[in-house]
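Take the sequence shown: its letter number 58 is residue 528 in my numbering, and every next letter is one higher.
Every residue gets a Cβ at the ideal spot worked out from N, C-alpha and C, and that includes glycine.
Predicted, not measured: the structure shown is a model, and the values here were computed from it.
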Amino acid sequence: MSDTPVRSTVRSCLRKFLDSTGRTNVEFRENSHLIRDLGLSSDEGVDFVLDLCSALRVELPQDFNPFIHESGDRGRRVSEMIERVEHLVAKAGTAA
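See the structure below:
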């Protein structure tokens, strides 16, 4: 996958978020599952979306949890989260 400004920003935010929650040694890849592999929770997704809004300078939907699939039935992988954020940013007409 090519590196876009949004992709880079989301990855950077995720690294900072993991570090801020004491997960400094946790490595992630595109196929890492945010909840199962990285130990993140749905509640932390609510906090993380605020970091994304600030870093991307865009308002993301209030019901958007980047760690949970929009179906609500499962968590997301890093790549799925990035793709969803890219979609929402493009829809908002703003890019980082």
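State the DSSP-derived secondary structure class of Gly542, mapped to helix, strand or coil. In the structure shown, Gly542 adopts coil according to DSSP, grouped into three states.
Under a Cβ-count criterion, where at least 16 other Cβ atoms within 10 Å of its own Cβ denotes burial, should Leu520 be classed as buried or exposed? Looking at its Cβ environment, which holds fewer than 16 other Cβ atoms inside 10 Å, Leu520 is exposed.
Extent of the continuous alpha helix (DSSP H) to which Val496 belongs: Counting along the chain, Val496 falls outside any alpha helix (DSSP H), and DSSP gives it neither H nor E.
CB of Thr491 within 8 Å of CB of Glu514, strictly: In this structure, Glu514 lies closer than 8 Å to Thr491 by Cβ.
CB contact flag (Gly542, Leu504, <8 Å): The Cβ-Cβ distance between Gly542 and Leu504 does not fall below 8 Å.
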